[in-house]
Amino acid sequence: MSRKTLLRRHAAFSVFKIFSYLALWKAALTCLFLVLKNFFFLQYKTALFSGKIPLSDADNPLDEAIPFKPDWVAVYMDFATFWIRTQGFLLETFGKTAHPYVKDFIFSMGRLYQTAAEVYRLNVSTTKRPAYYGNFHFIVIHLIDPHLMCIPSLHVMVMIRTYTKFRAMLGALGADAQFAAEIEAARKHAIAITESILYVKQHSVNCIPAAMYAMTRFDSKLFPPEEGARFVDALFQDGADGISSEKSIEIKTCIAALYKQFLDEGEQAADWKAPLLAFLQTRRHRRFQPSVQSDNGGLTR
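Residue numbers (this note's numbering): 211 to 511.
Encoded structure:
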């Protein structure tokens, strides 16, 4: 199966493939429940009962060096369907042999949302984002996303889990050499989606190292610090869209430094969340309102 097929296969086909196996239903439904509970329901509850959970700014001064690029939104919106497509690919290629691996992956995706919510339940965070409604994707984003769960970024966490676990699953199936092109395609697409969160202004530079730290604590075997370093190095490697080479290096340096800071602090902490919560505590809002950047550059609350 070609790289093009893996990246462009229709997600609906993969969803159908997953649900065509009764053995995978429990994992799929459990994952859906945990996503709804720990992201959507929790976020709406937080927005409706403002002031119950502290709100922090996640912005970094380097965000100003990254231009708003609405055309990246299609890449950004692909994060959920992408991980589903990787599992459809495995089921189509290996059939029932892949069931234990796919089931474990889907269960782990639900746990990923639970892990991120451990931070969200104690301290939510937001960034400045343009009040832009220029296409259907952005209309959907503004309608369904109160923009209160930035640190750690689930977009980045899901992407890291997708490409590292996909690689490990193919290795366990003894097919990593045969499907080396698909593994590399998955890694590059995960990088592109990570870059997209900055271009569409849904996240800050700070959100990336926070998510990387969360993933190292979630599964240090698949995402050790060495893999984290490779992940940072791969950002903007194919050329940054409207970011100078000097600024792209500065952004990557900042991400690497903050990731290391979180790791170092985490080694001394009794709880994995402590470094992220300490970081957020220094950036708290006086009032609970998500920040929105208007088209003329001003802030509305």
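Just so it is clear, CB atoms sit at the ideal spot from N, CA and C, and this is done for glycine as well.
In this text the structure is predicted, and so the values were computed from the model without any measurement.
Paired residues, beta bridge with residue i - DSSP
i    : result
M367 : For M367, which the question treats as bridged, DSSP gives no partner whatsoever.
D267 : T336
M379 : Paired residues: none, contrary to the question.
M319 : According to DSSP, which records beta bridges pairwise, M319 is partnered with nothing at all.
R494 : S266
Test item: CB-CB of residue i and residue j under 7 Å
i    : j    : result
Y469 : M425 : no
K375 : F315 : yes
D537 : T337 : The chain is shown only over 211 to 511; residue 537 falls outside these bounds and no answer can be derived.
V410 : V283 : yes
Q253 : L364 : no
D273 : S414 : yes
T404 : T296 : no
A420 : L486 : yes
S430 : S335 : no
F292 : A237 : no
V350 : K483 : no
M319 : C417 : no
P264 : R427 : no
A222 : I294 : no
Outcome for residue i when other beta-carbon atoms lying within 10 angstroms are tallied against a minimum of 16
i    : result
S504 : Reliability fails at S504, whose pLDDT of 43 lies under 50, so the model's placement of it is uncertain and the value that follows must be treated cautiously. By the neighbour-count rule (16 or more Cβ atoms within 10 Å), S504 is not buried but exposed.
F226 : exposed
S406 : buried
S224 : buried
D443 : exposed
G438 : buried
H399 : buried
N333 : buried
G384 : exposed
T256 : buried
A466 : buried
T510 : Legend: pLDDT at T510 = 33, less than 50; position of this residue unreliable, value from coordinates given subsequently. By the neighbour-count rule (16 or more Cβ atoms within 10 Å), T510 is not buried but exposed.
K462 : buried
K261 : Checking the displayed sequence, the identity of residue 261 turns out to be Gly instead of Lys. By the neighbour-count rule (16 or more Cβ atoms within 10 Å), G261 is not buried but exposed.
L239 : exposed
Cβ of residue i within 7 Å of any chain C Cβ
i    : result
D273 : Although the question refers to chain C, the structure presented lacks it and comprises just one protein chain.
Q: Inspect the CB distances between the segment 365-376 and the segment 318-328 and report whether three or more fall short of 8 Å.
A: Taking a cut-off of 8 Å on C-beta distances, the segment 365-376 touches the segment 318-328, as three or more cross pairs fall below it.
Q: Ignoring anything shorter than 4 residues or poking outside the segment 412-461, list the alpha helix (DSSP H) runs there in chain order.
A: Segments of the alpha helix (DSSP H) lying fully in the segment 412-461: 417-428 and 435-444.
Q. Looking at C-beta atoms only, is the number of pairs between the segment 242-249 and the segment 467-481 that lie closer than 8 Å three or more?
A. They do not touch, by the three-pair rule.
Q | At least three beta-carbon pairs within less than 8 Å, the segment 299-314 to the segment 374-391 | A | The segment 299-314 vs the segment 374-391: in contact.
Q: Identify every run of the beta strand (DSSP E) within the segment 225-286, keeping only runs that are complete inside it and at least 3 residues long; order them along the chain.
A: Runs of the beta strand (DSSP E) lying entirely within the segment 225-286, each at least 3 residues long, are 265-267 in chain order.
**Q.** Cβ contact check for the segment 270-278 and the segment 354-365: 3 or more pairs under 8 Å
**A.** No contact exists between the segment 270-278 and the segment 354-365.
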